[in-house]
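To start, the structure itself, in structure tokens.
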Amino acid sequence: MVPIITSAYSATWKIGKYLNDLLRPFVNKILQPTTFRDEPDLMQKLHQYVYTGKHLQSTTLFCTIQILNYIALDLHQHMIDAVGCFLQDNLVSNKLGPLTIQTIKNLLHIYLYYNIFYYKNQIYKIAKGSPTTMALSETLSTIYLFAWENQLFFTWNNSNETELCRFLRPLQDKYPSVQFHPRIGSTVRFFNVHIDNSKGELSTRIYHQSMMGKYSLPYVVGHSKQAHSDWLRSALIRAVCCCSCVDDFHLERLTLELAYLTNGYSLRFVESHLDNFFDYFHAAEMRYLKDQISYDKFRKNWFDYMLMQYELTDKLQQFNDKGQLIQLQYRYEYGPRCEFTQQFHQLWSQYFHQHPTLSNEKVKVLLTTKHQYSLNSLLTEEKTKLSSSNNSMSANSQQSDQAKLIDNSSIEQENHDSMPQLFIPSSLPSNYSLSQQATPTTEDLPSLVDFLSCYVRLTQYQVNNDIDVINRKAEDDLELQLEDLKKEEEHPNTQELKEMLSLYDLGSSLDDKHPMNSMIITDLPQSKSEESDTKE
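If you use full-length UniProt numbering, the sequence shown closes out at 536, no skipped numbers anywhere.
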């Protein structure tokens, strides 16, 4: 049984998160030279080992070691002692950040020994390891093994496999609690990569565990359609980095194309992403070219690209470690998403240019979309609303049904009109509340805190053509509905019709030249003075 703590905000969870934020950056820095980030990083370091260092021989064997009990390695006290020894050997002083080594060991003692959970009227305590849902578990296991990892890969330049097994035996004697499974040979699989030493020539390609896995896409729920778009680009980069032969790369590329086409994506979607991938380094001919020398140059460009991506990832991680990374998600992604992101960052710079903690130099803001792709999830959210509306529909009289016909037409038009809308939930830190900010007036720009709590529709002038077409169609439908209602009712509610028709003229009086008129902010919190005027 793998222990899982469901109380994510318990005392032990907070201690574990604090210790992980303290230990992980230091541990990653120490183990970075001997750690592979992903498949492209593995291929790049293996490429340097073979072609730069000239270490690969015809008798070289590859060895991979998979640790089976990575999370539950040893008793708590042994784990605490291993962390203490690791810090003493790698720290210049006796402190890591604000804490001494002994204080860290004391906090680890509290965290490990008081991780308890409730199951079938019984209270259990974890004797080995820590919950897999905690990020600290992986950090502690990494420290405990130090020279080990979840999966190990190294080379052995002696062709005698018996001597290699004899070399590994003392390691298992030193760590009797570690259960590992070695694989030795001139051909191994590591990180889903097939690695082969054919008489001193290195050959690598992507390894697929089954035919079904080749043509299936990652299962994503609650993400935007950008997720599969990013995955296709990442899969192409992974293919060019892992395939040393140009024929293997083209075979993997064709597999990715078929996977997207069989999963319902259009040919235009696939072609546009492939064109973008090959045109990134102005190598459009590589899509059909099978020249190995040109492919090696193209592959080296992507290796250099991944190095830059690793540097950017490290910078983002530094922002995150310091609590300076803010990630905001907005619902749906209709409309000009790139322009929305650009305008958002411009507003952020305008409002927080001289802010001590929220300026561009102090904080990094990431904007991502969030889309409900699962019908089950989407319909479950609206189940209560739909059931209540159905009950009210059955209870209303014929006269109220006729009145609802007008309301439904206006709601339908609002839905058409809101297709290019992007919704932003407030994701600022908890110490920023609306009551602490100055309430905006009609003469000044609204504060960004209030702005994030409102519904925002962006770039009105780019969707005016679509809105006009929708408006004309909706107005024609509305006129037909009004004629039917006039036959049934002698005195229609003209005031209600005027309010409804005014919805279609929304924004016509706005001046597009004003920088704030590209955003239409609705449901803005009112100031106290406005509320008092309304009451009067």
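Every residue gets a Cβ at the ideal spot worked out from N, C-alpha and C, and that includes glycine.
query                                                                                                         : result
Helix, strand or coil at Asp38 according to DSSP, with G and I counted as helix                               : coil
Nearest-angstrom Cα separation, counted from Leu87 out to Leu99                                               : 12 Å
Of the listed residues Ser294, Tyr310, Ile30 and Tyr144, nearest to Ile67 (C-alpha basis)                     : Tyr144
Bounding residues of the beta strand (DSSP E) (the contiguous stretch that carries Arg189)                    : Thr187 to Phe190
Residue from Tyr351, Gln324 and Leu328 with nearest C-alpha to Thr357                                         : Gln324
Range of the contiguous alpha helix (DSSP H) that encloses residue 541                                        : Residue 541 is absent from the model: the chain starts at 1 and stops at 536.
Inter-residue Cα distance where the pair is Lys128 and Asn90                                                  : 25 Å
Outcome for Met134 when other beta-carbon atoms lying within 10 angstroms are tallied against a minimum of 16 : buried
Beta carbon of Ile206 nearer than 8 Å to that of Leu107                                                       : no
Spatial distance of Ile326 from Asn69 (CA atoms)                                                              : 35 Å
Reduced DSSP secondary structure (H/G/I, E/B, other) of Pro98                                                 : coil
Cβ contact check for the region 108–117 and the region 42–55: 3 or more pairs under 8 Å                       : no
Three-way DSSP call (helix, strand, coil) for Cys165 in this model                                            : helix
8 Å Cβ cutoff, Leu347 in contact with chain C                                                                 : Absence of chain C from the displayed structure is noted, only one protein chain being present.
Proximity to Thr162 [Cα-Cα], best of Arg233, His250, Leu23 and Cys63                                          : Cys63
Rounded C-alpha distance that separates Arg169 from His181                                                    : 12 Å
Buried versus exposed call for Asp74 [16 or more other C-beta atoms within 10 Å across all chains shown]      : buried
Secondary structure of Asp196, DSSP reduced to three states                                                   : strand
Same chain only: Cβ atoms within 6 Å of Arg299, ignoring 5 sequence neighbours per side                       : Val240
Terminal residues of the beta strand (DSSP E) in which Thr204 lies                                            : Glu201 to Ile206
In DSSP terms, what Thr103 is bridged to                                                                      : Note: Thr103 sits in no beta bridge, so no partner.
Assigned exposure category for Asn20 - 16 Cβ within 10 Å defines buried                                       : buried
CA-to-CA distance, Met79 to Leu140, given in whole angstroms                                                  : 7 Å
Where the beta strand (DSSP E) containing Tyr260 begins and where it ends                                     : Segment Val246 to Thr262 is the alpha helix (DSSP H) holding Tyr260; no beta strand (DSSP E) there.
Neighbourhood of Phe36 by C-beta, 6 Å cutoff - its chain only, sequence neighbours within 5 removed           : Leu42
Rounded C-alpha distance that separates Tyr310 from Asp279                                                    : 22 Å
His217 - DSSP class collapsed to helix/strand/coil                                                            : According to the sequence as given, residue 217 is Leu; it is not His. Of the three classes helix, strand and coil, the one that applies to Leu217 here is coil, per DSSP.
Unbroken alpha helix (DSSP H) run spanning Tyr144, endpoints                                                  : Ala135 to Leu145
Alpha-carbon spacing of Gln350 relative to Val270, whole angstroms                                            : 38 Å
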